[in-house]
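Chemist:
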Amino acid sequence: MSKIADFIEQNRELLVQRFLEESAALESARGLRPDEVIGSLPAWLATLATLSREGLRPEVMAEKRRLEETHLGLRLRLGFTQQETVDEYLLLGRLLTRSWEHLPPEHQPAASELQLLRESLDAARAHAVELFSGYSLEERQREKRYLRRLDALASELLAHDARLPEHLAPLLEVIQRALEARGAELLLARDGGGQLERAVTTGVLNVGVEEGGPANRVELRLQRHGGFLGVLSIHLAEARSLEPRARRTLETLAEHLSGILERVRHLERERLAQVERVAIENARLYTALHESEDRLRLAVTAAKLGTWDFNPVTGVLRWDERCKELFGLSQDAPVTLDTFFTGLHPEDRARTESAIQRALLGEDGGSYAIEYRTRSGRDGAGYWVAAHGRAFFDERGRVVRFIGMLFDITARKQLGDALRQSEEHLRRVVDSTGVGSWELELDTWRVVADARLLELFWLPPDAPFSLELALGTIIHPEEREHVERAIAAAIAGENGGRYDVEYRTVAADGRMRWVAARGQSFFDSSGKAVRFLGTAMDITASKAAEEALRERSMLERQLIGIVSHDLRNPLNSILLVVQALSQQEDLDERSTRSALRIQQAAERASRLVRDLLDFTQARLGGGLRLERKPVDLHDVIHAVVDELRAVHPGRELCVASHGDGRGEWDGDRLSQLVTNLLTNAVKYSPAGTPVTVMMMGEGQEVSLEVHNEGPPIPEDVLRGLFQPLHRGEGSIGTAERSVGLGLYIVDQVARAHQGSVDVKSSHVEGTSFTVRLPRSLPPVPRS
3 MSKIADFIEQ NRELLVQRFL EESAALESAR GLRPDEVIGS LPAWLATLAT
53 LSREGLRPEV MAEKRRLEET HLGLRLRLGF TQQETVDEYL LLGRLLTRSW
103 EHLPPEHQPA ASELQLLRES LDAARAHAVE LFSGYSLEER QREKRYLRRL
153 DALASELLAH DARLPEHLAP LLEVIQRALE ARGAELLLAR DGGGQLERAV
203 TTGVLNVGVE EGGPANRVEL RLQRHGGFLG VLSIHLAEAR SLEPRARRTL
253 ETLAEHLSGI LERVRHLERE RLAQVERVAI ENARLYTALH ESEDRLRLAV
303 TAAKLGTWDF NPVTGVLRWD ERCKELFGLS QDAPVTLDTF FTGLHPEDRA
353 RTESAIQRAL LGEDGGSYAI EYRTRSGRDG AGYWVAAHGR AFFDERGRVV
403 RFIGMLFDIT ARKQLGDALR QSEEHLRRVV DSTGVGSWEL ELDTWRVVAD
453 ARLLELFWLP PDAPFSLELA LGTIIHPEER EHVERAIAAA IAGENGGRYD
503 VEYRTVAADG RMRWVAARGQ SFFDSSGKAV RFLGTAMDIT ASKAAEEALR
553 ERSMLERQLI GIVSHDLRNP LNSILLVVQA LSQQEDLDER STRSALRIQQ
603 AAERASRLVR DLLDFTQARL GGGLRLERKP VDLHDVIHAV VDELRAVHPG
653 RELCVASHGD GRGEWDGDRL SQLVTNLLTN AVKYSPAGTP VTVMMMGEGQ
703 EVSLEVHNEG PPIPEDVLRG LFQPLHRGEG SIGTAERSVG LGLYIVDQVA
753 RAHQGSVDVK SSHVEGTSFT VRLPRSLPPV PRS
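So for the sequence shown, the working numbering puts the first residue at 3; every next one is plus one.
1. Assuming contact is defined by CB atoms lying nearer than 8 Å, are residue 189 and residue 198 in contact in what I supplied?
2. Of the choices 422, 442, 515 and 352, whose alpha-carbon is the least far from that of residue 486?
3. Which runs of the beta strand (DSSP E) fall wholly inside the segment 60-88 and span at least 3 residues, in chain order?
4. Rounding to the nearest angstrom, what Cα-Cα distance links residue 725 and residue 746 in this structure?
5. Which stretch, first to last residue, makes up the alpha helix (DSSP H) that contains residue 480?
6. Within this structure, are the beta carbons of residue 693 and residue 653 separated by less than 8 Å?
7. Would you mind sorting residue 6 into buried or exposed? The rule is 16 or more other CB atoms within 10 Å of its CB.
8. Roughly how many angstroms lie between the CA atoms of residue 600 and residue 650, to the nearest whole one?
9. Using three-state DSSP, classify residue 736 as helix, strand or coil.
10. Cα-Cα, which of 743, 779, 742 and 770 is closest to residue 757?
11. If you count every other CB in all the chains shown that lies within 10 Å of the CB of residue 129, and 16 or more means buried, which is it?
12. Could you pull the DSSP bridge partners for residue 2 from this structure?
13. Tell me where the beta strand (DSSP E) around residue 759 begins and ends.
14. Which residues mark the beginning and the end of the alpha helix (DSSP H) in which residue 509 is found?
15. Secondary structure at residue 632, three-state DSSP: helix, strand or coil?
16. Determine the closest residue to residue 4 out of 319, 152 and 109, with distance taken between C-alpha atoms.
17. Using CA coordinates, which residue listed in 63, 773, 764 and 118 is at the minimum distance from residue 710?
18. Consult DSSP for residue 370 and reduce its assignment to one of helix, strand or coil.
19. Less than 7 Å between C-beta atoms, sequence neighbours within five positions excluded: which residues of the same chain meet that for residue 634?
20. For the beta strand (DSSP E) that residue 708 lies in, which residues bound it at each end?
21. Would residue 532 be called buried (16 or more neighbouring beta carbons within 10 Å of its own) or exposed?
22. With distances taken Cα to Cα, identify the nearest neighbour of residue 47 among 86, 122 and 85.
23. Look up residue 745 in the DSSP assignment and give the residues it is bridged to.
24. In chain order, what residues of the same chain lie with their CB nearer than 6 Å to the CB of residue 771, ignoring the 5 residues before and after it?
25. Would residue 389 and residue 411 be called neighbours here (beta carbons separated by less than 8 Å)?
26. Over what stretch of residues does the alpha helix (DSSP H) that includes residue 324 continue unbroken?
27. For the beta strand (DSSP E) holding residue 51, just list the boundary residues, first then last.
28. Compute the Euclidean distance between the alpha carbons of residue 768 and residue 715, then round it to the nearest angstrom.
29. Is the segment 336-348 in contact with the segment 313-324, if contact means three or more CB pairs nearer than 8 Å?
30. If we count the other Cβ atoms within 10 Å of its Cβ and call it buried at 16 or more, is residue 30 buried or exposed?
31. If you pair each beta-carbon of the segment 220-239 with each one of the segment 174-186, do three or more pairs fall below 8 Å?
32. Taking residue 461 and residue 438 to be in contact with their CB atoms under 8 Å, please state how far apart those CB atoms are, rounded to whole angstroms.
33. Taking only beta-carbon atoms, is residue 229 less than 8 Å away from chain D?
34. Which residues in the same chain as residue 739 place their Cβ atom closer than 7 Å to its Cβ, once the five residues preceding and following it in sequence are excluded?
35. Count the other C-beta atoms from every protein chain shown that fall within 10 angstroms of the C-beta of residue 104, then say buried if there are 16 or more, exposed otherwise.
36. Just to confirm my understanding: we take residue 409, look at its own chain, exclude 5 residues before and 5 after, and list those with CB closer than 8 Å. What are they?
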């Protein structure tokens, strides 16, 4: 599909009409009939459309060239000049680009189509030059060099007082050299248009018969739209007539010289007419101009902008200091267009040249905007540069100036590269974790989802996906309303726009998986949600593990609770019977020892049952229940130590107390805490070493420390020491076994009193458990 072909075919009649209207205003079309102006243009446009659509097929190219020859033959018969014919193709180019320049970028032709159009128009213009002049490429280039030289000298001439003849001499010298003539003479008509006067001469003139006379001289009238300008006389070295090609060169240069002279006369009239007005205006604008230049200079310097100015006519390029710095040049280094192209990064040169050519051809109004890299710069690393400019054209559509500015965007580019690398890294991480991503477009409610998300919803990678499909058929019915409410709440800005929900997705065959979705809404300055996106991941395995763990934990707790309650009653009965037996006076020594062993075993079993009941209450009931009342910790410690001395008569148990030991605590729970700590210290320390209990009462806190000289507790054991069902290894001198709840109960008792327990253990200092308890609960603040 070719947009240019469509434009031509849909607007061909309009293009022909506009060509006729704009050509009618030109001098070359005056007095011609409409059919003479139009010629073969409709057929040529149809062929151009075919060329745009079907490409450079030989038969289409041949038809295009045939139509161009027909058109050019008509122009020759009607007396058109080469330039006037070439200008017609320039006009056609402008008319074509106007057909789409008002359209959005997506509806305009692609760059490849525009390139083909430019090449077709360039070929038509080259065909015109070839047919008019019969020149070879080398001759045309030679003629263009002289024309460019005339333009360059014309710029200097127009910059001076146009009435000074000496400024015309270089122009005449160019024409003399182009024709290899002996001399040249320019006679200009006075303002009245009748009388001629010599303006300037160059070289040696043939003035007498002995020197060749008029036979050695070729004269050409200079005439433009404004009327008769004068006579150009070329003096040859020998009597001869000019060859056709030389004659054509003379006519071309003379035509160009006529244009320059006409501009000089026009400027002269303008200067004479406006001199007084300009003087007044200059006086008024002088101060404002300098102030504006100062402000602009300060702004450019502050923003570190570089400015450039290129004259396409003379080929002169000017850079300021900042431009040279960005290209790694010294401030006094000369610059040309080649300097600029050579200083570009090789990968950016072609597209930069193309952008400049488009601007110089007038595309997009001559605007120019591009980003490129320079090859050298700070530390030889080069710069990323953003360039913006515009080309300016004269009344005939020829570019006369190309100016703009550039600035360093290296830091922005580096940040962009880092961001892209970060995004790529994030994408790889997301891919490796199996996380799917999604975005709900809030203006259309369309869901953009990746392949992983579709997989989570039991869909193939290329399947259509929508919010209606997800809520209507895939998300489990029990969670649909919850998910819908969560989406609405996030978009409404609740909870900071966060979206966090878990739900099940159901496949067509009944299979299910659990999905955890996380997302975030983003809002504009007015609080309106503009983006809503997030991720989703499969949590089926973790859900199954959580359920299994919950069931196992519940079973353990129920089993412990049942066992603990069922064991308490028979143990109480055993203790009552043993106590009754112990009180009988007729028991022999053997029976007494047996009764004592039964009592100790029953008490140990009773403690285990109590620990199990406390564990069940702490895990299922949210913590241990306390009955607070005034208690002296000194008394609790001494009572527990006395009991353990009776049980372990061979161990040394030392007690040290300092300060006030009173507070509001549960005395039975504190007794349980001290008993567990002391029993643990005796169990894990050598028989010949002491176990020390120290109490310190200071301020609103009481601390209790139990120390033994046993081997240090391993680091890996320390980390889980206060966890339930955790038993230490390496008990010394006893065969007792426990279920690993002693230290867990110690921690729970301390927490219930809003206190804490810590442990330190080393080879040098032994092992110390330290409990800190507040004397009473802190007061509840009033609302």
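Positions of the beta carbon are idealized from the N, C-alpha and C atoms, including for glycine.
Modeler: Let me spell this out:
1. Taking the first residue of the sequence shown as position 1, residue 189 is located at position 187. Taking the first residue of the sequence shown as position 1, residue 198 is located at position 196. For residue 189 and residue 198, yes; Cβs fall inside 8 Å.
2. Locating residue 486 in the sequence shown gives position 484, where the first residue counts as 1. Comparing Cα positions, the closest option is 442.
3. none
4. Here residue 725 corresponds to residue number 723 of the sequence shown, with the count starting at 1. Here residue 746 corresponds to residue number 744 of the sequence shown, with the count starting at 1. If I take the Cα positions, the gap works out to 6 Å.
5. Mapped onto the sequence shown, residue 480 falls at position 478. Note, residue 480: alpha helix (DSSP H), 479-493.
6. Counting from one through the sequence shown, the residue named residue 693 turns up at place 691. Counting from one through the sequence shown, the residue named residue 653 turns up at place 651. Yes, the pair counts as a contact, with Cβ atoms nearer than the cut-off.
7. By 1-based counting over the sequence shown, the position of residue 6 is 4. Buried, since its Cβ has 16 or more Cβ neighbours within 10 Å.
8. Along the sequence shown, read from residue 1 onward, the residue named residue 600 stands at position 598. Along the sequence shown, read from residue 1 onward, the residue named residue 650 stands at position 648. Rounded to whole angstroms, residue 600 to residue 650 spans 16 Å at the Cα level.
9. What you label residue 736 is simply residue 734 of the sequence shown in a count that begins at 1. Residue placement at residue 736 is poorly supported in this model, since its pLDDT is 46, which falls under 50; the coordinates still yield a value, given next. DSSP places residue 736 in coil when its eight states are reduced to three.
10. Taking the first residue of the sequence shown as 1, we reach residue 757 at position 755. The candidate whose alpha carbon is nearest that of residue 757 is 779.
11. Residue 129 sits at position 127 when you count from the first residue of the sequence shown. Burial call: buried.
12. Lying outside 3 to 785, the shown extent of the chain, residue 2 is not represented and no answer is given.
13. Walking along the sequence shown from the start, residue 759 turns up at place 757. From DSSP, the beta strand (DSSP E) with residue 759 extends over 758-764.
14. Taking the first residue of the sequence shown as position 1, residue 509 is located at position 507. Where residue 509 is concerned, there is no enclosing alpha helix (DSSP H), given that its DSSP letter is neither H nor E.
15. Taking the sequence shown and counting its residues from 1, the one referred to as residue 632 is at position 630. Three-state DSSP puts residue 632 in a strand.
16. Residue 4 sits at position 2 when you count from the first residue of the sequence shown. Of the listed residues, the one whose Cα sits closest to residue 4 is 109.
17. Taking the sequence shown and counting its residues from 1, the one referred to as residue 710 is at position 708. Residue 764 is the option with its Cα nearest to residue 710.
18. Here residue 370 is taken as the residue at index 368 of the sequence shown, counted from 1. Reduced to three states, the DSSP call for residue 370 is strand.
19. Stepping through the sequence shown from its first residue, residue 634 is reached at position 632. Taken in chain order, the residues that qualify are 663 and 664.
20. By 1-based counting over the sequence shown, the position of residue 708 is 706. 703-710 is the extent of the beta strand (DSSP E) around residue 708.
21. For the purposes of this step, residue 532 is taken as residue 530 along the sequence shown, with counting starting at 1. Result: exposed.
22. Position 45 of the sequence shown, counted from the start, is the residue given in the question as residue 47. Nearest of 86, 122 and 85 to residue 47, Cα basis: 122.
23. Along the sequence shown, read from residue 1 onward, the residue named residue 745 stands at position 743. Bridge partners of residue 745: none, in fact.
24. The residue given as residue 771 occupies position 769 in the sequence shown. These residues qualify, in order along the chain: 679, 708 and 761.
25. For the purposes of this step, residue 389 is identified with residue 387 of the sequence shown, where counting begins at 1. For the purposes of this step, residue 411 is identified with residue 409 of the sequence shown, where counting begins at 1. Contact: no.
26. Looking up residue 324 in the sequence shown gives position 322. 323-328 is the span of the alpha helix (DSSP H), which, as asked, contains residue 324.
27. The residue labelled residue 51 in the question sits at position 49 within the sequence shown. Residue 51 -> not in any beta strand (DSSP E); alpha helix (DSSP H) instead, spanning 43-56.
28. Locating residue 768 in the sequence shown gives position 766, where the first residue counts as 1. Locating residue 715 in the sequence shown gives position 713, where the first residue counts as 1. Near 9 Å, if we compare the C-alpha coordinates of residue 715 and residue 768.
29. yes
30. One-based indexing of the sequence shown puts residue 30 at position 28. Residue 30 should be labelled buried.
31. yes
32. Your numbering for residue 461 matches position 459 in the sequence shown. Your numbering for residue 438 matches position 436 in the sequence shown. No, residue 461 and residue 438 are not in contact; Cβ-Cβ is about 11 Å, not under 8 Å.
33. The structure shown has no chain D; it contains just one protein chain.
34. Here residue 739 refers to the residue found at position 737 when the sequence shown is read from its first residue. Note that residue 739 scores a pLDDT of 48, beneath 50, so its modelled location is shaky; the value from the coordinates is reported in the next line. Closer than 7 Å at the Cβ level, and outside the excluded window around residue 739, lies no residue.
35. Within the sequence shown, residue 104 is the residue found at index 102, counting from 1. It counts as exposed.
36. Taking the first residue of the sequence shown as 1, we reach residue 409 at position 407. The answer, listed in chain order, is 305, 306, 307, 308, 387 and 388.
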